[in-house]
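Enquirer: What follows is a structure written as structure tokens; I'll ask about it next.
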Amino acid sequence: MKKIELILKPYVSIIFLRDVKIGIVLFFLSFLIPSVGILGLIGLISTIVFANFTNTKEEYLKYGFYLYNSLLVGMGIGYFYEVSFLTVILTIFFSILTFLISFSLNKVFYKYALPILSLPFAFVSMIFYLSSIKYTTLLSNIINRYSVFDINFPFSNFFKSLGTIVFLPLNLAGIVIFLILLFYSRIMAFLSVIGFVVGVYFHYLFVGEYAFSSLFNFNFILISIALGSIFLIPHIKSYLISLIAVILSVFLIDAMEVFFNLYNLPVYTLPFNIVVLLFLMLLYFSNFKYYNFSIKATPERSLEYFLSNVFRFGGNAIKINLPFNGKWVVYQAFDGEWTHKGKWKYAYDFVKKINGKSYKNDGLCLSDYYAFGENVVSPINGYIVSLRADLPDNPIGVVDRENNWGNYVIIKSDFGYYVEISHLMQNSMKVKVGDYVKVGDIIAKCGNSGYSPEPHIHIQVQKDAFLGSETLFFKWIEYIKDDKLFYYSLPKKDEEIEAPILDKSMKNRLTFILDDEFVYEDDKNNKIKWTVKMNDKGEFYLFDGENRLYFYLYDKMFYFYSYDGKNSYLKELFKIMPRIPLISKDVEYQDILPIYVLYKGLKKIFLEFILPFNIELFNNFKVYKKEKLKINSEFGEVYFNFYHKGFDKIVSKDFILRRKYENIN
1 MKKIELILKP YVSIIFLRDV KIGIVLFFLS FLIPSVGILG LIGLISTIVF
51 ANFTNTKEEY LKYGFYLYNS LLVGMGIGYF YEVSFLTVIL TIFFSILTFL
101 ISFSLNKVFY KYALPILSLP FAFVSMIFYL SSIKYTTLLS NIINRYSVFD
151 INFPFSNFFK SLGTIVFLPL NLAGIVIFLI LLFYSRIMAF LSVIGFVVGV
201 YFHYLFVGEY AFSSLFNFNF ILISIALGSI FLIPHIKSYL ISLIAVILSV
251 FLIDAMEVFF NLYNLPVYTL PFNIVVLLFL MLLYFSNFKY YNFSIKATPE
301 RSLEYFLSNV FRFGGNAIKI NLPFNGKWVV YQAFDGEWTH KGKWKYAYDF
351 VKKINGKSYK NDGLCLSDYY AFGENVVSPI NGYIVSLRAD LPDNPIGVVD
401 RENNWGNYVI IKSDFGYYVE ISHLMQNSMK VKVGDYVKVG DIIAKCGNSG
451 YSPEPHIHIQ VQKDAFLGSE TLFFKWIEYI KDDKLFYYSL PKKDEEIEAP
501 ILDKSMKNRL TFILDDEFVY EDDKNNKIKW TVKMNDKGEF YLFDGENRLY
551 FYLYDKMFYF YSYDGKNSYL KELFKIMPRI PLISKDVEYQ DILPIYVLYK
601 GLKKIFLEFI LPFNIELFNN FKVYKKEKLK INSEFGEVYF NFYHKGFDKI
651 VSKDFILRRK YENIN
């Protein structure tokens, strides 16, 4: 089965998709021109045999991009020549050469996060056609290029260009490929049409009617899809970039066609490769917001994965924990009215208050202040790189203008940024330079040293390790306000917030290990088994034999983040309970469900199609409540068992799943 998938995946990869079932369709479609199908298959098989002979690791082959270039070379030879002993020999060796170039190019391009695309095919095709000029024995093999079958159909120029991607400039091939794109991704189908129309009509301004019949119009389609939806996140900006690239490719195609005609060389996909790689290089190094670092099975899934990161998990902002336990009040937030200005604007100050006051009695003594002497805890995991602990705490009404930061500690995060906490109590430091601290470790006590009008905690994230470094924007991972749990948010001035306390027993219930099994029975007495599995990227998921629900356990949070499969109980679980706070307090919180989980049918298709034009449509919060050993929402309820890990009972409007414990010791 794996060998069959290895053969079919390159066919799928040519049109930027992954489902092996498409490979079966494209495989048989390639035989509309028999020589294309036969020599393409020979090129593919010979490459796989060579890879095995040279002990090339299987992981280098299973994603398809090392092999589809060899497939294209074989198809290209079959497009010009009939199948013969000589063309088979040429296909075998040029396919091996293509594989060698693919492997080497990928090693180089990987450093710059660039795909090799079909560049190896473009290089080897030029080598083949230049060398074939001398091979007079091939002249008798030049193909008449008659297809086994084709149909007449409107928009013939578009469909033939689409078919040309797989060396089948036929209406039937183009229609089949378009239907595949339409079925799997409306975004890709849309971009294939828009790219073709913009490219052809812009070309028409300069060359007239020839623009409609050019052999190389398929480059417009490939560029539009690649930049508009594959390597960039589908978004109106990505669409515009892809169309600019299509227009630029018009000039590149014409220039190459004139030059290459001197040697009777085909342009093929070289314009597509050059334009896409140039744009990707620029956008990668300019930190383009919609660069796709995690390409999923379809552009729709890539977009929703990206938006989940933005709206569910705080985007790419730095995220840290609170530097205290219990309840504290925001004294000053970002860009505050006193000291949080300019390059130091990304900072927070916290004080403790009871009944609206930060002190008892008259507030004349340090000991009157509720914050004074309270523990300050590490908000991140990292190393202590700098500190000071000898400065005295100022009496109330006095500030130290010479040592603004007072006693402080600077921690270097495992992710490379720095966190500085200031105004700590004299000689209260519990750490020393070089110590490694974890989230929640006590590092010192709150004091009143430095430029501090009253005891408080000052915290900031900064670029460098030195005191007074420029601050960086960040978000708090989680905090509680008025019994509501907020994720990746920023509280406002005078708001009282509470640091969540980890519920270790709840965390133990959701600490799943590989091959854990959970057996359920539904209200129709059907048995359902979920098993914990891990893929080759180290991602864990619940598996029911067909569908996969991916999950992650992080500090005080368990969440589901992706689903692959059809409608199932696992998909409903994602909807009922996308996130579980692993904290001791009962709270209400919000979460966002991906469109493909929340909706079905035409509504899902429509929303996914218009999402690139208005990403705020994704930002549709649902309310969830944690009540002791239960999570409930408008979609249903999930119950936990006091003694066992996993989910005890799952209830929705349509079904009830009850856990079966007979196999548990």
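Under UniProt numbering, the sequence shown has 275 at position 275, and the numbering climbs by one with no breaks. No residue lacks a Cβ here, since even glycine has one placed at the ideal position from N, Cα and C.
(1) For Met506, which three-state DSSP category applies?
(2) Quick check on the burial criterion: 16 or more other C-beta atoms within 10 angstroms. Buried or exposed for Val398?
(3) Which two residues bound the contiguous alpha helix (DSSP H) that contains Met75?
(4) Mind checking whether Ile410 and Tyr418 have CB atoms under 8 Å apart?
(5) Look at Val36 and Phe159 and say whether their C-beta atoms are less than 8 Å apart.
(6) Which parts of the stretch 245–288 are runs of the beta strand (DSSP E), unbroken and 3 residues or longer, counting only runs that do not cross its ends?
(7) Provide the residue span of the alpha helix (DSSP H) that contains Val193, from first to last.
(8) How would you write the range of the beta strand (DSSP E) that Met534 sits in, first residue to last?
(9) Flag this pair as yes or no: are the beta carbons of Glu588 and Val532 separated by less than 8 Å?
(10) Looking at the structure shown, is Met577 part of a helix, part of a strand, or coil, going by DSSP?
(11) With a Cβ-Cβ cutoff of 8 Å, do Leu593 and Leu573 count as a contact?
(12) Just checking: is the beta-carbon of Phe121 within a distance shorter than 8 Å of some beta-carbon in chain D?
(13) By the 10 Å Cβ neighbour count, where 16 or more other Cβ atoms means buried, how is Asp648 classified, buried or exposed?
(14) What's the call for Met506, buried or exposed, on a 16-neighbour Cβ count within 10 Å?
(15) Within the continuous beta strand (DSSP E) that includes Asn375, where are the two ends?
(16) Based on the DSSP secondary-structure assignment, which residues constitute the bridge partners of Leu542?
(17) DSSP three-state label for Ser640, please.
(18) Does DSSP put Val330 in a helix, a strand or coil?
(19) Between which two residues does the beta strand (DSSP E) containing Ile497 stretch?
(20) Pop quiz: Asp544 and Leu570 are said to be a contact at Cβ under 8 Å. What is the actual Cβ separation, rounded to whole angstroms?
(21) Express the C-alpha separation of Lys353 and Glu454 in angstroms, rounding to a whole number.
(22) Could you please give the first and the last residue of the uninterrupted alpha helix (DSSP H) stretch that includes Arg388?
(23) What three-state label does DSSP hand Lys21 in the structure shown?
(24) Using DSSP with H/G/I as helix, E/B as strand and the rest coil, what is Asn665?
(25) Could you compute how far the alpha carbon of Ala389 sits from the alpha carbon of Trp344?
(26) According to DSSP, simplified to helix, strand and coil, what is Phe31?
(27) Taking the C-alpha atoms as reference points, what is the distance between Ser118 and Asn69?
(28) Suppose contacts are defined by Cβ-Cβ distances below 8 Å. Is Phe311 in contact with Val377 by that definition?
(29) Enumerate in chain order the residues of its own chain whose CB-to-CB distance from Pro169 is below 6 Å, with the five nearest sequence positions on each side excluded.
(30) Apart from the five residues on each side of it in sequence, which residues of its chain come closer than 7 Å, Cβ to Cβ, to Phe635?
(31) Let me check understanding here. Comparing Cα to Cα, which of Leu277, Val275, Met256 and Asn273 lies closest to Val267?
(32) Would you identify the three-state DSSP class for Glu304, choosing helix, strand or coil?
(33) Is Thr54 buried or exposed, if buried means 16 or more other CB atoms sit within 10 Å of its CB?
(34) Relative to the C-alpha of Asp522, which candidate in Asp654, Ser156, Glu209 and Phe216 has its C-alpha closest?
(35) In the DSSP assignment, what residue or residues form a beta bridge with Phe128?
(36) From which residue to which residue does the beta strand (DSSP E) around Val519 run?
Expert: Here's the rundown:
(1) helix
(2) exposed
(3) Tyr68 to Phe80
(4) yes
(5) no
(6) none
(7) Arg186 to Val207
(8) Lys527 to Met534
(9) no
(10) coil
(11) no
(12) Looking at the structure shown, chain D is missing, and only one protein chain is on hand.
(13) buried
(14) buried
(15) Asn375 to Val377
(16) Val532 and Leu549
(17) The sequence given here has Phe at residue 640, not Ser. Three-state result, Phe640: coil.
(18) strand
(19) Glu496 to Glu498
(20) 6 Å
(21) 12 Å
(22) Taken as a continuous stretch (DSSP letters only), Arg388 belongs to no alpha helix (DSSP H), being part of the beta strand (DSSP E) at Gly382 to Arg388.
(23) helix
(24) Reliability fails at Asn665, whose pLDDT of 48 lies under 50, so the model's placement of it is uncertain and the value that follows must be treated cautiously. Three-state result, Asn665: coil.
(25) 22 Å
(26) helix
(27) 6 Å
(28) no
(29) Lys160 and Gly163
(30) Lys575, Ile576 and Ser652
(31) Met256
(32) helix
(33) exposed
(34) Asp654
(35) Per DSSP, none; premise fails for Phe128.
(36) Glu517 to Glu521
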